[in-house]
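In our numbering, the protein residues as written are 0 to 155.
What follows is the structure, given as structure tokens:
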């Protein structure tokens, strides 16, 4: 995300209340994510796309893009599974079935945590309108001090 967009991140944002989370997420999104690595004192970005595709009553998530961080430039990808116990709530899992976090945007905002070994992942999701989602992850651990600031814009 460009620096100008990050500086605006401190301003309060309007929220969009999501009653049907699966319908809100489904489809293709343009993804712009800034990365700040406090341990290595490096910044970077991932530019790509994310797809939420209907599968077995839920959504399969796949993101692909080009990552630049410090001297590194290369392809990056991630995948998750979203299941919906209620229309407004998702259980997000890794592709191997391990639980990652819950997601509920009925109030337009959701915070969550995930422990992975000694690392703590603190997430914040904000639905800004019907076609715009902002996702922040702060990762702290013995060898990690990272901020990931992603903006998803619906395509089409």
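Ideal Cβ placement from N, Cα and C applies to all residues, glycine included.
{"Query": "Less than 6 Å between C-beta atoms, sequence neighbours within five positions excluded: which residues of the same chain meet that for residue 143?", "Result": "118"}
{"Query": "Residues in the same chain with beta-carbon distance under 7 Å from residue 15, minus the five sequence neighbours each way, listed in chain order, please.", "Result": "107, 126, 127, 128, 129"}
{"Query": "Check the DSSP bridge columns for residue 135 and list the partner residues they point to.", "Result": "123, 148"}
{"Query": "When we look at the beta-carbon of residue 13 and count the other beta-carbons within 10 Å, is it buried (16 or more) or exposed?", "Result": "exposed"}
{"Query": "Output the residue ranges of the beta strand (DSSP E) runs that lie fully inside the segment 46-127 and measure 3 residues or longer, sorted by chain position.", "Result": "57-68, 71-85, 88-93, 98-103, 108-115"}
{"Query": "Taking the Cβ atom as the reference point for each residue, do residue 66 and residue 45 lie within a distance shorter than 7 Å?", "Result": "yes"}
{"Query": "Can you check whether the CB of residue 92 is closer than 7 Å to the CB of residue 99?", "Result": "yes"}
{"Query": "Quick test of your reading: residue 35 and residue 145, contact by CB under 8 Å. State the CB separation rounded to the nearest angstrom.", "Result": "7 Å"}
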